[in-house]
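Student:
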Amino acid sequence: MNTVFQSYALFPHMTVLDNVAFGLRRQGVADALNRAREGLRLVQLDHLAGRRPSQLSGGQQQRVALARAIVNRPAVLLLDEPLGALDLKLRREMQVELKDIQNEVGLTFLHVTHDQEEAMTMADTIAVMNKGEIEQLGAPEELYELPRTAFVANFLGQSNLFTGPVVASKGSTIVVDVAGAKIEVPKERAQRLAGQVTIGVRPEKLLLHTTAPAAQSGVNVLGPGRVHDVSFTGVSTQYLIDLPGLGSISLFAQNMVFGPVVQEGAEVWVSWSVDHGFGLADGPGSDSSETVE
Amino acid sequence: MAFGAFGAAPNPGVAGRAFGAPAGDSNPRRRSSVVLLLLLPGLAYLGLFFLVPLVSLVITSLQMPDLNGDFGEYTYGLNWQTYPDVIWNYRFIILRSFGYALAATILALAIGYPLAYFIGVKLRRFPLVQALALTLVIAPFFISFLLRTLAWKQILSDEGPVLSFLNALSILPPDAHFTGTPGAVIFGLTYNFIPFMTLPIYASLERLDLRYLEAGSDLYASPASTFARVTVPLSLPGVVSGTLLTFIPAAGDYVNASRDFLGSTETAMIGNVVEAQFLQLGNYPVAATLSIVLMAAILLIVGVYVAIVGTKDLV
């Protein structure tokens, strides 16, 4: 196993090439310098082989650190928050580049990060860890669409969570009474089927209505409520809606028209397909930790 | 920093750009005059107490015996012959001085580096103990250098505790003595310069980022290999200043090698000869010449040393 350190830890007294060749030389590899050059070519820095690390930019140093670890062909490469020191734009570029390099060299990357989006972008498998223990392990889509615990539901993206007793079981769904509102959740997407349960739905799965939608099977409807806050985020608009008895919920609406379609204080209803709900194994309320690929 | 700003001032490019600078940014031209003003006391001091004596020393070294005057009187002249004479006459003492200084520097490095490493790296987690250890390194400075050396003379003398103890154990022959030998002089030099070696090395090891060592072991280097290839090169600036701070004064030292302290007539160093020529024999040209030869030799040795070690791996 080799490591890409958060601080890169490139040896400041050696050239970039000597840094990359360090591990190969310690192992007594015969053509260490040639293989180090190959490693630098992989991260497209072979033209800077003679420089000192301090003469490189943060992104370049990051790539040298990566090359220095990769040239040893470890079974597992541990990346300890490798992109943490880079600015957002460079970080996005490096994420794509890291994935390309990983595909090229075919090594297993163990990527530790606090950036949930980075974890979801890069990982084949994510382990969400809380207080040293794995809360849930799975593909990014699986973790996002079907979180098992409140911690995962809130750590990867946002979730609207509701707690209440299961009052009925009809066919493939359970019905939960949340402060008088009946919310259906598919049985196969719920961890618990009886008693007090916490259920949730992702903000972008919600639809916003300015008139009460007609009740239909397979759709949960809440409302009326009042728009409490409207924030324009570019791709979408986030609405915070106060629902009497249910608290505040969050809703993402794609910006298909210019600007928000509903103003603050408007009376609205929200609905979502029953299939999008999920039921958790624990109650709401947890704190933060880190994710691992 | 001061020299950087000073050097930048005559550069028209820098000064020219400054005219367009916003009001809040101070004008480099004005700043440089402030720098000059601040440098003035230092420059005046150097001029008065370094340059003037140096010129005077060179003039003295070129004086010749006054043929009409008394013995020991000299007139101004250009007597270059003193130089080859002095170098030839004192060639063994010159070599001995640098030999002692070299031995003391190597010993002080062998003692000072582990000490500095221990204080700067291993004691990092205990700041209070670290501060205490540093104080202990500096503690000898609180007592006069002469007194400490004199104390060692007592301790190491034939009747002193060390030799009495060793004699009692019959380890040494009965007529063995330590003071007055080259070993005692080198011991004294080493002892007196250990703090000068330790502190600069400590300063560079104290800043050593331990993650480099972690990276070294991650890249298959053994602890010894990591030490040789990472720790030592990164502490080299401290080693260079420590060795210079030891070697230069040790080569010119005249206390340890003096008969009154740890040496004897057989251990005389250049400093002792200069002292004798200046203060006892009154032969100023020879003393001045010897001083200049010592200075030139040190400059040469240090120059070669820094050229080899200094530029190669310093960050």
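Note that the protein sequences, when read in sequence, are chains A and B. Following the working numbering from start to finish, the first sequence increments by one per residue and tops out at 336. Following the working numbering from start to finish, the second sequence increments by one per residue and tops out at 1247. The C-beta atom is built at its ideal place from N, Cα and C for all residues, glycine as well. Predicted, not measured: the structure shown is a model, and the values here were computed from it.
(1) Assuming Leu1151/B and Phe65/A are in contact, meaning their beta carbons sit under 8 Å apart, how far apart are those beta carbons, in whole angstroms?
(2) Is it right to say Arg949/B is buried, meaning 16 or more other beta carbons lie within 10 angstroms of its own, or is it exposed?
(3) Who are the neighbours of Gln70/A on chain B, taking C-beta pairs under 7 Å?
(4) In the DSSP assignment, what are the bridge partners of Gln239/A?
(5) Helix, strand or coil: which one does DSSP assign to Leu289/A?
(6) To which residues of the same chain is Leu1034/B closer than 8 Å at the C-beta, ignoring the five residues directly before and after it?
(7) Which residues in chain A sit within 7 Å of Pro1165/B, going by Cβ to Cβ distance?
(8) Looking at the secondary structure, which residues open and close the alpha helix (DSSP H) in which Trp312/A lies?
(9) Listed from N- to C-terminal order along the chain, which residues in the stretch 94 to 105 of chain A have their beta-carbon within a distance smaller than 8 Å of any beta-carbon of chain B?
(10) Using a Cβ-Cβ cut-off of 8 Å, state whether Ala75/A counts as contacting chain B.
(11) Quick check on this structure: which residue in Val317/A, Ile242/A, Lys213/A has the alpha carbon closest to the alpha carbon of Gly207/A?
(12) So which residues on chain B does Gly65/A lean against when the C-beta distance must stay under 7 Å?
(13) From Phe198/A to Ala296/A, what distance separates their C-alpha atoms?
(14) Return the Cβ separation of Leu67/A and Asn115/A in integer angstroms, given the expectation that the two are a contact with Cβ distance under 8 Å.
(15) Would you decide whether Val990/B is buried or exposed? Buried here means 16 or more other CB atoms lie within 10 Å of its CB.
(16) In this structure, what does DSSP give as the bridge partners for Leu153/A?
(17) Residue ranges of each alpha helix (DSSP H) run of no fewer than 4 residues wholly in the stretch 177 to 232 of chain A, ordered along the chain?
(18) Can you list the alpha helix (DSSP H) stretches of 4 or more residues lying completely in the stretch 977 to 1045 of chain B, in chain order?
(19) If we call anything under 8 Å between Cβ atoms a contact, is Thr1037/B one with Thr1175/B?
(20) Contact between the stretch 1092 to 1103 of chain B and the stretch 1126 to 1135 of chain B: three or more CB pairs below 8 Å?
(21) Does Ser1157/B get closer than 8 Å to chain A when you measure Cβ to Cβ?
(22) Specify, as a first and last residue, the run of the alpha helix (DSSP H) that Val148/A falls within.
(23) Classify Val300/A as helix, strand or coil using the three-state DSSP reduction.
(24) Roughly how many angstroms lie between the CA atoms of Val1236/B and Val1206/B, to the nearest whole one?
(25) Is the beta carbon of Val313/A less than 8 Å from the beta carbon of Ile292/A?
(26) For Ile15/A and Ala257/A, I'd like the C-alpha separation in whole angstroms.
(27) Is there a Cβ from chain A that is less than 8 Å from the Cβ of Ala1135/B?
(28) Can you round the beta-carbon distance between Val311/A and Gly268/A to whole angstroms, since I take them to be within the 8 Å contact cut?
(29) Against chain A, with Cβ distances strictly below 8 Å, would Tyr1045/B count as a contact?
(30) Can you tell me whether Pro246/A is buried or exposed? The criterion is at least 16 other CB atoms within 10 Å of its CB, across all chains shown.
(31) Measuring straight from C-alpha to C-alpha, what distance separates Val63/A and Gln87/A?
(32) Who are the near neighbours of Val305/A in its chain, counting only those whose CB is closer than 8 Å to its CB and skipping five residues on each side?
(33) Just to confirm the assignment: which complete alpha helix (DSSP H) runs, minimum length 4, are found wholly within the stretch 73 to 109 of chain A?
(34) Looking only at C-alpha atoms, which of Phe1077/B, Asn1215/B, Leu1088/B sits nearest to Gly1115/B?
(35) Does DSSP classify Ser274/A as helix, strand or coil?
(36) Residues of chain A with CB closer than 9 Å to the CB of Tyr1144/B, please, in chain order.
Tutor: Concretely, from the data shown:
(1) 5 Å
(2) Caution applies to Arg949/B, whose pLDDT of 40 falls short of 50 and renders its modelled position unreliable; the model cannot decide the point.
(3) Tyr1152
(4) Pro208/A
(5) DSSP places Leu289/A in the coil class of the three-state scheme, outside both helix and strand.
(6) Phe1179
(7) Those within 7 Å of Pro1165/B in chain A are His56.
(8) Here Trp312/A belongs to no alpha helix (DSSP H); instead the beta strand (DSSP E) covers 310 to 316.
(9) Arg95, Ser97
(10) no
(11) Ile242/A
(12) Residue identity differs from the one stated: residue 65/A is Phe in this sequence, not Gly. Near Phe65/A (Cβ distances below 7 Å), the residues of chain B are Leu1151.
(13) 21 Å
(14) 7 Å
(15) Counting the other Cβ atoms within 10 Å of the Cβ of Val990/B gives fewer than 16, which makes it exposed.
(16) Leu121/A
(17) 183 to 188, 193 to 198
(18) 984 to 993, 1014 to 1021
(19) yes
(20) The stretch 1092 to 1103 of chain B vs the stretch 1126 to 1135 of chain B: no contact.
(21) Flagged as an interface residue toward chain A: Ser1157/B, by a C-beta distance shorter than 8 Å.
(22) 131 to 148
(23) coil
(24) 25 Å
(25) yes
(26) Residue 15/A lies beyond the stretch modelled for chain A, which goes from 44 to 336, so this question has no answer here.
(27) Chain A, which has no Cβ nearer than 8 Å to the Cβ of Ala1135/B, makes this no.
(28) 6 Å
(29) no
(30) buried
(31) 13 Å
(32) Leu251, Thr253, Val270, Val273, Tyr282, Val311
(33) 75 to 85
(34) In terms of Cα proximity to Gly1115/B, the closest of Phe1077/B, Asn1215/B, Leu1088/B is Leu1088/B.
(35) strand
(36) Ala52, Leu53, Phe54, Pro55
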